[in-house]
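Sequence order for the protein chains is W and S. Note that the working numbering numbers the first sequence so that position 130 is 124, with each residue one more than the last. Note that the working numbering numbers the second sequence so that position 61 is 81, with each residue one more than the last. One structure is given here, and the rest of the page talks about it.
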Amino acid sequence: MMSDQQIIKGCAKHDRKAQQLLYNKYSRFLLGICLRYSTNKAEAEDILQDSFLKIFLNIKDYTGTGSFIGWLRKVAVNTAITHYHKNLKFRYHVEIEEYVSVETGVSSFEEDFFTSEELYRVLNELPTGYRMVFNLYAIEGYKHKEIAEMLGIDTNTSKSQYSRAKAVLRDKLEALGRLKSNYPASD
Amino acid sequence: MKGKKEDKMLRALFRHKLENAEIIPSPAVSVQLMRRLRRREFLHFNPARFNIWYAGGIVVAGAALAFILSSGSGKKDEVNTESLPVKTINSTELIKQDRGEGQAPGEDHRETIQVDVKKDTVTSPAFPVTKSGTVAKTISGQSKSSEVSDNKIVVLPKHSIVPDAIVEKQKLQGIVKMADYSIESSVAEGCVPLKVRFHCATPLTDSCLWSFGDGGYSSLKEPEWLFDVPGEYNVSLEVYGTGGLHSLTKTEVTVFPKPVARFEISPENAVLPNDEITFHNFSANAVKFKWNFGDGNSSSLFEPKYYYKSYGNYDISLVATSENGCSDSVIVQNAFSDSGYFIEFPNAFIPNPTGPSNGYFSQKSDESSQVFHPVFNGVSDYQLRIFSRRGILIFESNDISIGWDGYFKGQLSEPGVYVWKVRGNFMNGEPFTKMGDVTLLKN
């Protein structure tokens, strides 16, 4: 078993075996990220491929300071953003202006109640813009200002998209929760 | 405050579950990735990785370059030799090729077409080759063949093979202004979807531009157009003759909407021949109906009712015709395959103590369950036998309208359990056999 250091060195020399090892080791983790930024698995796999191309061709830029996983994650997220920009004009962008967020009593989202597949599905169903902002803010932990720069939008847009994304997610999760408590999972 | 807390929870939920979630990619991703990677790395030239592939690439590129340079000068000759055989072989494909190249020497061009025209006269001697020749062609022909024939006719006058050609030539030179540029269409009106074959009635044209009124265009001489939306269309034809002559002709095509034929049969699980079948008509846009019941009989009522004479698998069809004469048809195959046939028995009855009824039952006797008999649908023949617990046959009936009244040899039978067995056939030929027990109760 090669260590990360060895794999990185091998990849820098364009060693096929090292590249394959790197792919085998991290593709699942990176696809997990990519899927958050896409509408379906096929799109996520496209982003994954592009990410790995970038990783393989630019691995010498990884200085060795900071965590390798963090670097990989950053490449994947950046690729997803590039992908978002590239495909922006092809998207049917649903802008829900009159989205009324209803504050309901039941707003506790117990972690164990939802599986990660369900969360992925809910995310995949979000409008693309919402999904980008929500991912970057809530999961990646960027600030709204940084997100605005990355996506080329206004800071306020980022904020409002985030709150709308939240409202949509909350509704979807509540609906899902109701469904699940009525029909307990069979598995 | 509440919103803040909720926001935190939502973030925590997604972050916790998805930040490090792993998804297994499909195997094809890796394969495709490696292929792309190889290509990209190849393009990102790196002297450190100079290997046999680069060397091979350079050799191939060099060879290709040398080949292009050497073949560049000889190219013109090749074209000429290639067009030579056209003289002897007169297939339409070669003519097209000839036409397409365009730069072929004029001599050659004319000769090939001459050959083809001769062939045309030979193969269809019945027609004066010019106009009717094209018409004959388009009847079987597609767009491509008509294009080719188009070309022939323009050239024809040069070779005055047929007397008509002289007239055509005159027209071409001046009288053409008076010529009647008219549209001939195969039909002027019809039902949607309507396929119309148009024909420009004068052959002396350089080019035609058809506009079909529904946004469609064609520059074929004999286009075929399919109108698939009902309506009235103004079809116009712009004709450009030799010497900048230009004419515009219009005609109208009416496309009628199509009716929709639809019906349902009731009752749902009909039993033939007992049930009266009602045909519910849900057709739209139609005024005339023709039903075919599938047993040889038909009707033209809007919603006919019908008794079949026997059971069968009938294909029922309905043709609905609109006022414009457009029609639609629908057929229900094997309409009575869903079986509504059954026979069921009760499990207890209370004989009338006042005396035997000979097994006849009525709705009134059924109310107090005085006679043991089945409920059924579509039974054609039947045999019911009832045994006592000691195995003695105490009742037998071959008529389904006669049940057991509880009497045996004029005596009311003892209360208790009796066994019955039934055999028979349904009207669709399906046999049935059933057994069970029935309890005789005392009033």
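The beta carbon of each residue, even a glycine, is placed where N, CA and C say it ideally should be.
Check                                                                                                                                                                           : Outcome
By how many angstroms is the C-alpha of S175(W) removed from the C-alpha of A169(W)?                                                                                            : 10 angstroms
Can you list, in chain order, the residues of its chain whose CB lies under 8 angstroms from that of L146(W), leaving out five sequence neighbours each side?                   : What sits at residue 146(W) in the sequence shown is Gly, not Leu. H79, listed in sequence order.
Taking 8 angstroms as the cut-off, decide whether the C-beta atoms of F299(S) and E272(S) are in contact.                                                                       : no
Pair every Cβ in the region 274 to 290 of chain S with every Cβ in the region 353 to 363 of chain S, then say whether three or more of these pairs are closer than 8 angstroms. : yes
Here's a check: name, in chain order, each residue in its chain whose Cβ is nearer than 8 angstroms to the Cβ of K325(S), leaving out the five neighbours to either side.       : E296, I297, T298, F299
According to DSSP, simplified to helix, strand and coil, what is V399(S)?                                                                                                       : strand
Taking a cut of 9 angstroms between CB atoms, which residues from the region 34 to 53 of chain S lie near chain W?                                                              : F34, R35, H36, K37, L38, E39, N40, A41, E42, I43, I44, P45, S46, A48, V49, S50, Q52, L53
Taking the beta strand (DSSP E) that W230(S) falls in, what are its first and last residues?                                                                                    : 227 to 231
R217(S) lies in the beta strand (DSSP E); which residues open and close that run?                                                                                               : 214 to 220
Can you give the Cα-Cα distance for E143(W) and E119(W), rounded to whole angstroms?                                                                                            : 24 angstroms
Taking the straight line between their C-alpha atoms, what separation do you get for S256(S) and L229(S)?                                                                       : 8 angstroms
Can you check whether the C-beta of D226(S) is within less than 8 angstroms of a C-beta belonging to chain W?                                                                   : no
From the beta carbon of E168(W), is the nearest beta carbon of chain S less than 8 angstroms away?                                                                              : no
Does the count of Cβ pairs from the region 28 to 39 of chain S and the region 17 to 25 of chain W closer than 8 angstroms reach three?                                          : no
In whole angstroms, give me the CA-to-CA distance for G171(W) and W311(S).                                                                                                      : 55 angstroms
May I ask you to list the residues that DSSP assigns as paired with C5(W)?                                                                                                      : DSSP output for C5(W) lists no bridge partner at all.
Using a beta-carbon distance cut-off of less than 7 angstroms, what residues from the region 15 to 26 of chain W approach chain S?                                              : Y17, S21, R22, F23, L25, G26
In terms of residues, what are the limits of the alpha helix (DSSP H) holding Y253(S)?                                                                                          : First-last for Y253(S): 251 to 260, but that is the beta strand (DSSP E), not the alpha helix (DSSP H).
Using CA atoms only, rank isn't needed, just tell me which of S90(S), N397(S), V275(S), D425(S) is closest to L461(S).                                                          : D425(S)
On the criterion of 16 or more Cβ atoms from any shown chain inside 10 Å, does T59(W) qualify as buried, or is it exposed?                                                      : exposed
Cβ of F62(S) less than 8 angstroms from any chain W Cβ?                                                                                                                         : no
In three-state terms, what does DSSP make of V207(S)?                                                                                                                           : coil
Quick one: what's got a C-beta closer than 7 angstroms to K153(W)'s C-beta in the same chain, skipping five residues either side?                                               : H138
What did DSSP end up calling R410(S) once you bin it into helix, strand or coil?                                                                                                : coil
List the endpoints of the continuous alpha helix (DSSP H) containing A12(W).                                                                                                    : 10 to 30
Is the Cβ-Cβ distance between L42(W) and V79(S) less than 8 angstroms?                                                                                                          : no
Going by alpha carbons, who is nearest to S45(W) out of F23(W), A12(W), Y124(W)?                                                                                                : F23(W)
Could you pull out every residue in the same chain whose Cβ sits closer than 7 angstroms to the Cβ of S388(S), ignoring the five residues on either side in sequence?           : I370
Contact criterion: CB-CB distance below 8 angstroms. Does R55(S) meet it with respect to chain W?                                                                               : no
On the three-state DSSP scale, how would you describe Q0(W)?                                                                                                                    : helix
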